[in-house]
Amino acid sequence: MATKFEILKSLPSTGPMYVSVSEENTFYSDFSEGFVVRFYKKDGSEWVANIQRGLTNFDTVIELTESSNIIVIAGGQAYIINPENTKPISFFGSQYKYSISNTEGQCVLSDYTGLTIIEPDGKYWHSERISIDGIEDLRIEDDIVYGVVYMPIDDADEWLDFSYNITTKIMTGGIGPFTATESQLSNITIKTTTGAVGKRENKPWWKFW
Numbered sequence: 261m262a263t264k265f266e267i268l269k270s271l272p273s274t275g276p277m278y279v280s281v282s283e284e285n286t287f288y289s290d291f292s293e294g295f296v297v298r299f300y301k302k303d304g305s306e307w308v309a310n311i312q313r314g315l316t317n318f319d320t321v322i323e324l325t326e327s328s329n330i331i332v333i334a335g336g337q338a339y340i341i342n343p344e345n346t347k348p349i350s351f352f353g354s355q356y357k358y359s360i361s362n363t364e365g366q367c368v369l370s371d372y373t374g375l376t377i378i379e380p381d382g383k384y385w386h387s388e389r390i391s392i393d394g395i396e397d398l399r400i401e402d403d404i405v406y407g408v409v410y411m412p413i414d415d416a417d418e419w420l421d422f423s424y425n426i427t428t429k430i431m432t433g434g435i436g437p438f439t440a441t442e443s444q445l446s447n448i449t450i451k452t453t454t455g456a457v458g459k460r461e462n463k464p465w466w467k468f469w
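In terms of this note's numbering, the sequence shown is residues 261 to 469.
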């Protein structure tokens with residue numbers, strides 16, 4: 261299989277001008293050096309992307325087994341890019357921290373509150389909220405994702421085991437179904453993983469992307 265990309269340590273000092281890639285889909289960079297990736301086209305030409313990062317330190321590139329598109333995670337921000345085109349196909353998320361894959365070619369991304377499942381053909385979907393403020397120790401066996409979620413409510417400060425079936429979309433363990441009402445949640449004191457303590461902001465919890 262021909263090489264589709266190469267992760268670079270920095271922007272090249274020689275050669276053609278790099279292409280800035282961001283959520284705004286502009287060709288003019290209003291951000292500094294981001295995640296730098298060189299893409300190779302089928303005709304043998306190449307181009308360098310300076311990809312704007314999101315809100316974490318997680319960078320990676322994921323090849324799809326049933327698509328010529330590539331998933332790029334730049335600082336937690338996900339982009340779907342085809343090496344033949346300098347404009348991203350789509351983008352989503354901004355706080356991804358981890359990625360794991362199974363033998364079927366499915367990839368699972370996690371941020372602080374939920375999972376995103378990317379199918380081998382590049383289609384993706386988001387789980388419901390499965391954590392209040394943190395997901396760690398991820399692993400995947402077949403179609404089951406295992407890990408721990410953070411439960412920082414009132415005086416509690418613990419990580420709870422969970423499993424999530426990406427076929428049936430059923431979660432076991434963890435915080436359980438996230439069914440508390442807004443009025444109940446607004447009265448809960450939440451301690452974040454950074455140590456800050458405060459009342460939960462009164463925002464709809466079912467929209468994260």
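Note that the Cβ used here is the ideal one computed from N, Cα and C, for glycine as well. Note that the structure is predicted; figures quoted are calculated from it, not measured.
The beta strand (DSSP E) enclosing V314, as first and last residue numbers: Here residue 314 corresponds to residue number 54 of the sequence shown, with the count starting at 1. For the record, residue 314 in the displayed sequence is Gly; it is not Val. G314 -> no beta strand (DSSP E), and no H or E assigned at all.
List in chain order: all unbroken beta strand (DSSP E) runs of 3+ residues lying wholly within the segment 383-441. 384-386, 395-401, 404-411, 418-425 and 430-433
Which residues in the same chain as I404 place their Cβ atom closer than 6 Å to its Cβ, once the five residues preceding and following it in sequence are excluded? Reading the sequence shown from its first residue, position 144 is the one you call residue 404. Excluding residues within five positions, the ones whose Cβ falls inside 6 Å are S423 and N425.
C-alpha gap between G432 and F351, whole angstroms: Position 172 of the sequence shown holds residue 432. Position 91 of the sequence shown holds residue 351. As written in the sequence, residue 432 is Thr, which differs from the Gly given in the question. If you take the alpha carbons of T432 and F351, they lie about 29 Å apart.
Within the continuous beta strand (DSSP E) that includes I470, where are the two ends? The question about residue 470 has no answer, for the chain in this structure spans 261 to 469.
Is the Cβ-Cβ distance between D393 and P412 less than 7 Å? As a first step, residue 393 must be located in the sequence shown, where it is residue number 133. As a first step, residue 412 must be located in the sequence shown, where it is residue number 152. Cβ distance < 7 Å, so D393 and P412 count as in contact.
Going by DSSP, what residue range makes up the beta strand (DSSP E) through S361? As a working mapping, residue 361 is identified with position 101 in the sequence shown. Unbroken beta strand (DSSP E) run through S361: Y358 to S361.
Name the DSSP beta bridge partners of S280, please? Here residue 280 corresponds to residue number 20 of the sequence shown, with the count starting at 1. S280 pairs with N310.
Close Cβ partners of T263 (< 7 Å) along its chain, the five nearest in sequence each way excluded: Residue 263 sits at position 3 when you count from the first residue of the sequence shown. These residues qualify, in order along the chain: Y300.
How many angstroms separate the CA atom of E472 from the CA atom of S280? Examination of residue 472 is not possible in this model, given that the chain is present from 261 through 469 alone.
Proximity below 7 Å, CB of V296 to CB of L268: To locate residue 296, count along the sequence shown from 1; it is residue 36. To locate residue 268, count along the sequence shown from 1; it is residue 8. Cβ distance < 7 Å, so V296 and L268 count as in contact.
In the DSSP assignment, the beta strand (DSSP E) including I267 goes from what residue to what residue? Counting from 1 along the sequence shown, the entry for residue 267 is found at position 7. Where I267 is concerned, the enclosing beta strand (DSSP E) stretches over F265 to I267.
With DSSP as the reference, please indicate the residues paired to Y300 in a beta bridge. If you number the sequence shown from 1, residue 300 lands on position 40. Per DSSP, E306.
Flag this pair as yes or no: are the beta carbons of V308 and Y278 separated by less than 7 Å? Numbered from 1 along the sequence shown, position 48 holds the residue referred to as residue 308. Numbered from 1 along the sequence shown, position 18 holds the residue referred to as residue 278. Yes, Cβ-Cβ distance for V308 and Y278 is below 7 Å.
Relative to the C-alpha of Y409, which residue among S391, I400 and E401 is closest? The sequence position of residue 409 within the sequence shown is 149, counting from 1. Checking the displayed sequence, the identity of residue 409 turns out to be Val instead of Tyr. Per the Cα distances, S391.
Can you list, in chain order, the residues of its chain whose CB lies under 7 Å from that of E418, leaving out five sequence neighbours each side? Residue 418 sits at position 158 when you count from the first residue of the sequence shown. Excluding residues within five positions, the ones whose Cβ falls inside 7 Å are M411.
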